[in-house]
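Protein chains in written order, with my numbering: chain D, 1 to 662; chain X, 1001 to 1131; chain F, 2001 to 2146. We put the CB at the ideal spot given by N, CA and C, even for glycine. Everything numeric in this text was worked out from a predicted model, so none of it was measured. Here is the structure we will look at, set down as structure tokens.
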Amino acid sequence: MQRVGVFVCHCGSNIAATVDVKKVVEMVSLEPGVVHAEDYQYMCSEAGQARIDAAIKEKGLTGIVVCSCSPRMHEATFRKAAERAGLNPYMVEIANIREHCSWIHKDMEEATKKAVVLARAAIAKVNLNAPLQPGESLVTKRALVIGGGIAGIQTAIDIADAGYEVDIVEKTPSIGGRMSQLDKTFPTLDCSACILTPKMVEAAAHEKITIYTYSEVDKVTGFVGDFTVDIRKKARSIDMNKCTGCGVCQEKCPSKKTPSEFNRGLNTRSAIYTPFAQAIPNVPVIDRDACIKFKTGKCGICEKVCQAGAIDYEQKDEIVTQKYGAIVVATGFDVIKVDQYEEYAYSQSKDVITSLELERIMNAAGPTKGHLERLSDGKHPKEMVFIQCVGSRCSDDKGKSYCSKICCMYTAKHAMLIRDKYPDVNVTVFYIDVRTPGKNFDEFYRRAVEDYGVNYIKGQVGKVAPQPDGSLLVQGVDLIDNKQILKKADMVVLAAAIEPEKDVRRIATMLTASIDTNNFLTESHAKLRPVESPTAGVFLSGVCQGPKDIPETVAQAGAAAVKAIGLLAKDKLLTNPCTAKADELMCNGCSTCANVCPYGAITYETKEINDHGIRETRRVASVNNALCQGCGACTVACPSGAMDLQGFSNRQILAEVDAICR
Amino acid sequence: MSGHLHEDMKSRVIDISGASPHKCMKCGKCSASCPSFDEMDIKPHQFVSYVNNGDIEALMASKSLGKCLSCFACVERCPRDVKPGKIVDAARQMLIRQQGQAMLTPEDVPELLDPEVPQQLLMSAFRRYSR
Amino acid sequence: MSIENETFRPKIVAFCCNWCSYAGADLAGSSRLVYPADVKIIRVPCSCRVNPMFILRAFEKGADGVIMCGCHPGDCHYSTGNYYARRRMTLLFSMLDFIGVENGRTRVEWVSAAEGVKFSTTMNEFVEKITSLGPNVRLEDLRCRN
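Below you can see the structure in the form of structure tokens.
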């Protein structure tokens, strides 16, 4: 029998307000094995931990139960405290009487009763705990960054500067991401390319960084410190070592009708292309779906004009397999499809555009060379209307429930830039709320209103109707004046909601990282661990975790890098000792467990078994503790009941069930 | 009028309409979409606050009830699924019920049955015009 | 009998996987989303750790309902655990139904770490369902009764 100590935490009033902690102490003292029980204001505090320490030493406790917050919060804290007092850390169990009890029940008697039951279950379990020793696994000192936008670039540079090897995997032909598509950035209005390009160059030139563009992550296996990743380098059809980036092939390519992804389909590109002039690497790819040579077998002009002889039509996808200690996800975002909002006439008129398309129009390297003009007839607009929250803050199934966060600021930026460059253009913004939390953000928005004369109207637009004369009739409402507004506009700009990149769910599944219903990756703790995924060794950088602007993205990218560096700096990691274990006497060597193991951790060995005096040579299961992650699938699959999970054994769970149903 | 009755009328409007006034984020897209906006004294986006404030009587006295075309553009375009148009419908229905006469009794229904008339129409008329 | 005088409060055991559902229950807690105290949660590393034996034992010891929560299909922390759990429970529940433990007394629900609201509504629904079904007598070992 164990000598169990029970420690009941008040958590200030968080627990004590709804659970009678004294009563819990009184009740649990009667439980078998309990030799010590006490309550304290804050068990996790230094003084609280000192009490645990003292009790372990004075009463010779062999197991402890802490009735407190969720084990996801402080299990590690109490395990360390026990270890310091000389107790095996796995002799600690937590009864969650805060999240699962005091916070959700209002009636004191009821909550106290439940707390006692939860404590009893934990006591019943700890009575059957056995000391466990964690193993060790080596850390591969190399990080993988998935996504080569500003988030991925910054994370990679920060990790590389700390002296570790980093690989960036980017699915498009160039790094740069969404930021490379932007014209200017708020709130300082510096040119996006001017601040991004040096970062791209720095990443490319860094001796510790390897960039895989036009590549995707195909497969991930392993676990924290020891991931094995297959990277698919899609066939570029260009020899990257030979290409000089002269660009002649793109000029001469006769297939020029593919919509340019970089310019959001506002103009076209050739079949052999680099997405934009400052692309890194400055090596084109051949879009095989558009290339005449690949479609008909005739053409081959690029091969003829390439003086470096870099064109290689025979190139195939290549799989690079690499080991990593840490993985950072920086997959970024896209804007939602706005054609589903028929009232805004996006698919009916070329002059209804999204804000990201406006970025391309305003950009000197864009489809209109930076001139603000209508895409339908090339005329200079006189009246521009901006519509906010298109698809954001929607509870219908078309839009997104969240606020996209960046639209208020970039709309103020667009309005200001247009009024600055073309004072003859009237700009009207229909808004629901203007949200500008951030350093110098509200001042920026007020400048648009006060210094640049942008007309902000509180209200929404109900309909945009293309007129026979080519203009757009905007029907909106001014809620302050309580008037409906009919306004002729030459261009309408929609602040479309942003959403995580489509690919992210596939990547999250490969990494077994949690993802929410909006396809944002879930952080380990919303406040205290915002850049770590609940899956150990996986970190989050940028918009894949939630909407954010560039300064926030860069800050989070640095934070994710620090977390990755903290992991890579370790030579060894302690492995989870709660692994499966086979009872050799009961195992009949049927292989059922090996078939359900997702990690290939179970192998079979033929050995001599002494079964109650009978010596026999048998085939029995053996678990590799470094590979086993402790899911327990094998324990249930095992037909003879030989397989059990340490720390969550059959007997322990049954004891919990019994205690709860008592 | 007592607060209790206010609450009662409010919950009746919500029940009849199936609208969710508490979900409104005051964007005004309903009023921006309304083809009869100029002729209304209470505007579509205000319907919602009248219900939220429990001021159903004012809504029932409003001339907007007669001006609403029940085109449901506001219902269709509302980003928060509030259904302002259904609130007008509900207010109209309560007005008709309050006016007292049962325009349609269960006894009337059999003689209205006609293979040409969809039964759904009879059902909705019955819901609307009986007491 | 005392049972007739008191309102029936069911005993409900909930198995929650550590990565999604247990975290979802924590979120329900930190969001103060109320559900009845009749639900007691047992933490398991993965839904695939739930041996049908545990559920039978719960009913034997007098539980009135058992619910198992795991990660959404495809989101399992261990890749495939919840698929095994789903198949095992389908079989177990149909057997339980056959021997008279109604299907309403057993339930599998996928709750992610971000779905505190879903956790709370699920538990409220489940408790309501079990309360309407009344005490479980079919599998209970009467010798276990206090």
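Buried or exposed by the 16-neighbour rule on C-beta atoms within 10 Å, applied to residue i
i	result
Thr-617(D)	exposed
Met-1001(X)	At Met-1001(X) the pLDDT is 47, less than 50, meaning the model places this residue with poor confidence; the figure from the coordinates comes in the next sentence. Exposed, because fewer than 16 other Cβ atoms sit within 10 Å of the Cβ of Met-1001(X).
Lys-502(D)	exposed
Asp-2141(F)	exposed
Met-2001(F)	With a pLDDT of 41 at Met-2001(F), under the threshold of 50, the predicted position of this residue should be treated as unreliable, and no value is reported.
Ala-2023(F)	buried
Arg-2143(F)	exposed
Gly-176(D)	buried
Ile-457(D)	buried
Ile-15(D)	buried
Gly-86(D)	exposed
Gln-1120(X)	exposed
Asp-190(D)	exposed
Pro-259(D)	exposed
DSSP beta-bridge partners of residue i
i	result
Gln-646(D)	DSSP lists no partner for Gln-646(D).
Cys-191(D)	Lys-184(D)
Phe-539(D)	Val-328(D) and Glu-532(D)
Phe-227(D)	Gly-222(D) and Tyr-324(D)
Ala-268(D)	According to the sequence shown, residue 268(D) is Thr rather than Ala. Bridge partners of Thr-268(D): Pro-259(D).
Ile-485(D)	Gly-476(D)
Cys-67(D)	Val-8(D) and Ala-95(D)
Thr-592(D)	Paired residues: none, contrary to the question.
Asn-426(D)	Glu-383(D)
Span of the alpha helix (DSSP H) around residue i
i	result
Leu-511(D)	504-511
Ser-215(D)	No alpha helix (DSSP H) holds Ser-215(D); the beta strand (DSSP E) holding it covers 215-223.
Asn-2124(F)	2116-2133
Tyr-346(D)	No alpha helix (DSSP H) contains Tyr-346(D), which DSSP labels as neither H nor E.
Leu-2033(F)	Note, Leu-2033(F): premise wrong, no alpha helix (DSSP H); not H, not E.
Pro-466(D)	From DSSP, Pro-466(D) is part of no alpha helix (DSSP H) but of the beta strand (DSSP E) over 461-466.
Asn-2082(F)	2081-2098
Thr-603(D)	Thr-603(D) -> not in any alpha helix (DSSP H); beta strand (DSSP E) instead, spanning 602-611.
Ser-1031(X)	1029-1033
Phe-294(D)	292-296
Reference residue i, options the options, closest by Cα
i	options	result
Ile-159(D)	Lys-570(D), Ala-560(D), Cys-590(D) and Lys-607(D)	Ala-560(D)
Ile-507(D)	Val-474(D), Ala-496(D), Cys-544(D) and Met-491(D)	Cys-544(D)
Gln-652(D)	Ser-2112(F), Ile-2130(F), Ala-2014(F) and Arg-2043(F)	Arg-2043(F)
Cys-403(D)	Val-335(D), Asp-420(D), Gly-370(D) and Lys-421(D)	Val-335(D)
Ala-489(D)	Asn-610(D), Thr-517(D), Gly-265(D) and Ile-387(D)	Ile-387(D)
Lys-527(D)	Met-73(D), Cys-243(D), Asp-239(D) and Leu-128(D)	Met-73(D)
Ser-514(D)	Ser-2021(F), Lys-2118(F), Met-2068(F) and Val-2066(F)	Ser-2021(F)
Pro-598(D)	Ser-137(D), Glu-608(D), Ala-569(D) and Cys-628(D)	Cys-628(D)
Arg-98(D)	Glu-136(D), Pro-198(D) and Thr-18(D)	Thr-18(D)
Val-248(D)	Ala-448(D), Pro-284(D) and Cys-299(D)	Pro-284(D)
Asp-611(D)	Met-240(D), Lys-23(D), Asp-583(D) and Thr-553(D)	Asp-583(D)
Ser-1036(X)	Leu-1112(X), Val-1048(X) and Ser-1070(X)	Ser-1070(X)
Thr-2131(F)	Cys-2016(F), Gly-2116(F) and Ala-2037(F)	Ala-2037(F)
Thr-140(D)	Leu-118(D), Pro-131(D) and Tyr-164(D)	Tyr-164(D)
Gly-630(D)	Asn-576(D), Lys-607(D), Tyr-324(D) and Thr-172(D)	Asn-576(D)
Ile-64(D)	Asp-218(D), Cys-44(D) and Pro-89(D)	Pro-89(D)
Ser-174(D)	Glu-318(D), Lys-234(D) and Gly-265(D)	Lys-234(D)
Element boundaries [beta strand (DSSP E), containing residue i]
i	result
Leu-473(D)	472-478
His-36(D)	34-40
Gly-1054(X)	Taken as a continuous stretch (DSSP letters only), Gly-1054(X) belongs to no beta strand (DSSP E), as it is neither H nor E.
Leu-494(D)	491-496
Cys-631(D)	It is not in any beta strand (DSSP E) - Cys-631(D) carries neither H nor E in the DSSP assignment.
Lys-572(D)	572-574
Cys-2017(F)	2012-2017
Phe-700(D)	Shown here, chain D extends from 1 to 662; a query on residue 700(D) therefore has no answer.
Legend entry - 4-residue-minimum alpha helix (DSSP H) runs that sit fully inside the segment 2038-2071 of chain F, ordered along the chain: 2052-2060
Legend entry - Sequence ranges, beta strand (DSSP E) only - wholly within the segment 380-414 of chain D, length at least 3: 383-390
Legend entry - Contained alpha helix (DSSP H) runs [length at least 4] in the segment 127-161 of chain D, N- to C-terminal order: 150-161
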